[in-house]
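Step one of this worksheet: look at the structure below.
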Amino acid sequence: MGTVKATDRIWLDARLDVEKRVDLLLEEMTLVEKAGQLHMSANVQPVRDREQLLRGGVGASLYASGATGGNVRDEGLMVTAINECQRVAVDESRLGIPVLFGRDVIHGHRTVFPIPLGLSAAWDEDLARRCCHLAAQEASYDGVAWTFAPMMDVSEEPRWGRVAESLGESPVLAGRLAAAMVEGFQGDADHHGRAGSIAACAKHFCGYGMVQGGRDYDTVTVGENTLRNLHLRPFRAAVEHGVASVMAAFNDIDGVPMHAHRRLLREVLKDEWGFDGVVVADWNGVGQLVVQGVAEDLRDAARQAMLAGLDLDMVSGSYGRYLPDLVESGEVPLEMVDDAVRRVLRMKMRAGVFERPYTPEGHSVGAPGRSARALAREAATASMVLIKNDGILPLHENVGRIHLAGPFVEEGDALLGTWVLDGKGEDVVSPATAFRDRIPAADLIVSDGRFSDLGVSMVRDSDVTVALVGEHRSRSGEDRCISTLKLPAGQMEVLEEMAAIGKPLVVVVFTGRPLELGRVLELASAVVVAWHPGVEAGPAVADLLLGRTSPSGRLPMTFPRSVGHIPSSSLERPTGRRVNRDDDRKLGRYLNALVFPELTFGYGLTYTSFE
Ligand code: BGC
Numbered sequence: 003m004g005t006v007k008a009t010d011r012i013w014l015d016a017r018l019d020v021e022k023r024v025d026l027l028l029e030e031m032t033l034v035e036k037a038g039q040l041h042m043s044a045n046v047q048p049v050r051d052r053e054q055l056l057r058g059g060v061g062a063s064l065y066a067s068g069a070t071g072g073n074v075r076d077e078g079l080m081v082t083a084i085n086e087c088q089r090v091a092v093d094e095s096r097l098g099i100p101v102l103f104g105r106d107v108i109h110g111h112r113t114v115f116p117i118p119l120g121l122s123a124a125w126d127e128d129l130a131r132r133c134c135h136l137a138a139q140e141a142s143y144d145g146v147a148w149t150f151a152p153m154m155d156v157s158e159e160p161r162w163g164r165v166a167e168s169l170g171e172s173p174v175l176a177g178r179l180a181a182a183m184v185e186g187f188q189g190d191a192d193h194h195g196r197a198g199s200i201a202a203c204a205k206h207f208c209g210y211g212m213v214q215g216g217r218d219y220d221t222v223t224v225g226e227n228t229l230r231n232l233h234l235r236p237f238r239a240a241v242e243h244g245v246a247s248v249m250a251a252f253n254d255i256d257g258v259p260m261h262a263h264r265r266l267l268r269e270v271l272k273d274e275w276g277f278d279g280v281v282v283a284d285w286n287g288v289g290q291l292v293v294q295g296v297a298e299d300l301r302d303a304a305r306q307a308m309l310a311g312l313d314l315d316m317v318s319g320s321y322g323r324y325l326p327d328l329v330e331s332g333e334v335p336l337e338m339v340d341d342a343v344r345r346v347l348r349m350k351m352r353a354g355v356f357e358r359p360y361t362p363e364g365h366s367v368g369a370p371g372r373s374a375r376a377l378a379r380e381a382a383t384a385s386m387v388l389i390k391n392d393g394i395l396p397l398h399e400n401v402g403r404i405h406l407a408g409p410f411v412e413e414g415d416a417l418l419g420t421w422v423l424d425g426k427g428e429d430v431v432s433p434a435t436a437f438r439d440r441i442p443a444a445d446l447i448v449s450d451g452r453f454s455d456l457g458v459s460m461v462r463d464s465d466v467t468v469a470l471v472g473e474h475r476s477r478s479g480e481d482r483c484i485s486t487l488k489l490p491a492g493q494m495e496v497l498e499e500m501a502a503i504g505k506p507l508v509v510v511v512f513t514g515r516p517l518e519l520g521r522v523l524e525l526a527s528a529v530v531v532a533w534h535p536g537v538e539a540g541p542a543v544a545d546l547l548l549g550r551t552s553p554s555g556r557l558p559m560t561f562p563r564s565v566g567h568i569p570s571s572s573l574e575r576p577t578g579r580r581v582n583r584d585d586d587r588k589l590g591r592y593l594n595a596l597v598f599p600e601l602t603f604g605y606g607l608t609y610t611s612f613e
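Residue numbers (my numbering): 3 to 613.
Encoded structure:
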């Protein structure tokens, strides 16, 4: 079969209705080409994978960024030249179907905003929409057509590292923000597919926030009521707002892995909700069906996933390799494969990939400019939650000498948060830089980041100490689970010593999750939860402490008293026995401890009082 001449490729005519264009294209496709559209590879290469591209064997590829691949951060990965690959796919292959390039643009592209859990603490749909819109503009400039975001797994499990990527424990808040984020990435229905927008992905469908013990990739057991009323809600909102794709979760539900979950993928998501976009696998999720013990081998895994309604494979290679044979042997109906291909082609057309397969060369997104920084600062400020203030904040001009201490004083990269592929530590304004810009040198002591005896001695030489503590960004995110909610090793001890000196102590906690803060709240005069704030970390913290801005964030997730209190959240249903909240002598439910959360969902103070 020869190449279809460009003039005969009527499906390229953007004036035709998308469904019509897809019909025309589907009629031309061989079974092998169809299977190719359902395969996503990691970092497709123009030379190494030329044959596969020529065969139409690469429907999508993940991780490329930059027209010529120049800005891929991880040097361990091979660099994908987007345009060179597209030239083979579009200009040389038989049907000329462009590759769909996806990338994890989770909380900003080059301009890094607060982690999603922080953005959620702002409770501001419009802000979330604007951040995602800017991220989409930057990412599309770098050739990215699709992001694997927003993540909307509802979770009350702070040990799970991925709560940093989530929108917190409330299905309602997560649903509203997810819908706004989808619109920010994709544009509203009239703008989806225009230059500067990218396709979004609601992930991870579903129940991932309930992994046992907060251990990533673990199993899930859940009843229908909890699933429908809590965990499916944000996904439904995203689908109603036209999200282009939905990603299957790594976990099983009651023994059925999500990548083979016909009832939830095909019957609920597609049939009941009418989702007409792409259901995409997570990384080797189809391959993992073998490890999860439900598929005999990779061929069987492909069969089960396709029957379940999983449209696009991510990197297992199973669809490209086995689907043609599975159809020919009658194990998978052709109509199912056609429907999956239709969804992938529809998504590419809606996202404008057929119209704009190429990325302008010669430049990539540079360091954040003024307006990008203004938005990043607005978001970082809005995300911060004041959880205690005995009146020390805001720090007044006559407060005397401020001592800035802690491991994050001079940090940039550590404050970007999890899942940052294109952002750079050098773009971050550190807390020390921001304070130096705002406070006369004579009134500021900055101790080194070691948070040691030296820092403790400087408490004596100052009038107030601002201690910046918490988690490095590498302590949260995928596969970053912890069995304790305590501050990282050593930090609490230094805070104890500092507080013992008797001068006022302000504690700022950078974190990707709720931590155990009871003792910190006892020791400090004021405490701010600042999450991982992104490129404007320093200015946002400094302005907030100095009263140039006012705190407005509220916790999107409960902070339990200790790890032994988990689960502890607003998702609890009433029991038949109430606990008396007012009577401390009756501890209730635990013999040795109060049962109520340290900080409840929605908690957050500001500098003024309301009547
Ligand atoms: C994660 C997804 C992510 C994918 C691609 C997986 O390990 O679970 O959230 O989108 O990798 O990077």
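Cβ coordinates follow ideal geometry from the N, Cα and C atoms, glycine included.
Since we're looking at a predicted model, the values are computed, not measured.
For C203, report the span of its alpha helix (DSSP H) as first-last. No alpha helix (DSSP H) contains C203, which is instead part of the beta strand (DSSP E) from C203 to F207.
Beta-carbon proximity of A262 to F207, cut-off 8 Å: no
What residues in its chain sit with their C-beta under 6 Å from that of D415, if we drop five residues either side in the sequence? G427
Can you look up R75 in the DSSP assignment and give me helix, strand or coil? Interpretation of R75 is limited by its pLDDT of 46, a score under 50 that renders its predicted location unreliable; no figure is taken from the coordinates.
DSSP on T351, reduced to helix/strand/coil? The amino acid occupying residue 351 in the given sequence is Met; Thr does not appear at that position. In this structure, M351 counts as helix in the three-state DSSP scheme.
Confirm, please, whether the CB-CB distance from V281 to L271 is below 8 Å. yes
Identify the continuous alpha helix (DSSP H) that holds S373 and give its terminal residues. R372 to S385
With a cut-off of 5 Å, give the chain-ordered residues whose Cβ is closer than this to any heavy atom of the ligand BGC. D106, F150, D284 and W285
What residue range is occupied by the uninterrupted beta strand (DSSP E) comprising A44? H41 to A44
Per DSSP, what are the beta-bridge partners of S63 in this structure? S43 and F103
Restricting to runs no shorter than 4 residues, where is the alpha helix (DSSP H) found entirely within the segment 237-266? none
Could you tell me whether the segment 175-195 touches the segment 221-228, where touching means 3 or more Cβ pairs closer than 8 Å? no
If you pair each beta-carbon of the segment 134-143 with each one of the segment 440-458, do three or more pairs fall below 8 Å? no
With hydrogens ignored, establish whether the beta-carbon of L456 is closer than 7 Å to any heavy atom of the ligand COA. Within the structure as shown, the ligand COA is missing, the only ligands being the ligand BGC.
Looking at G604: is its Cβ nearer than 8 Å to the Cβ of R563? no
Taking the DSSP output, what are the residues bridged to M316? M42
What do you reckon, are the CB atoms on T420 and E171 nearer than 8 Å? no
Whole angstroms is fine: what's the gap from E140's alpha carbon to R345's? 26 Å
Buried/exposed call for D126, threshold 16 Cβ in 10 Å: buried
Around the Cβ of R164, are there at least 16 other Cβ atoms within 10 angstroms (buried) or fewer (exposed)? buried
Top-ranked residue by Cα proximity to Q493, from D15, E473, D481 and T560: E473
Tell whether a beta-carbon distance below 8 Å holds between G425 and G186. no
Nearest by alpha-carbon distance to T32: which of A378, R550 and G322 is it? G322
Touching or not, the segment 302-314 and the segment 353-372, by the rule of three or more beta carbon pairs under 8 Å? no
With DSSP run on the structure shown, which of helix, strand or coil describes K272? helix
For P116 versus P535, is the C-beta distance shorter than 8 Å? yes
Measuring CB atoms only, is the segment 462-469 touching the segment 498-514, in the sense that at least three cross pairs come out at less than 8 Å? yes
Whose C-beta lies closer than 6 Å to the C-beta of Y592 among residues of the same chain, with five residues either side of it excluded? none
For F437, does the three-state DSSP call read helix, strand or coil? helix
Segment limits, alpha helix (DSSP H) that includes L136: E127 to Y143
Grab the span of the beta strand (DSSP E) containing F187 for me, first residue to last. F187 -> not in any beta strand (DSSP E); alpha helix (DSSP H) instead, spanning P173 to Q188.
Residue range of the unbroken beta strand (DSSP E) whose run includes A191: Counting along the chain, A191 falls outside any beta strand (DSSP E), and DSSP gives it neither H nor E.
Would V49 be called buried (16 or more neighbouring beta carbons within 10 Å of its own) or exposed? exposed
May I have the straight-line CA-CA distance separating S478 from T513, to the nearest angstrom? 8 Å
Give every residue of the same chain whose Cβ lies closer than 6 Å to the Cβ of G78, excluding the five residues on either side of it in the sequence, and list them in chain order. Low local confidence applies: a pLDDT of 45 at G78 is under 50, so the model's placement there is unreliable, with the coordinate-based value given in what follows. Same-chain partners within the cutoff: there are none.
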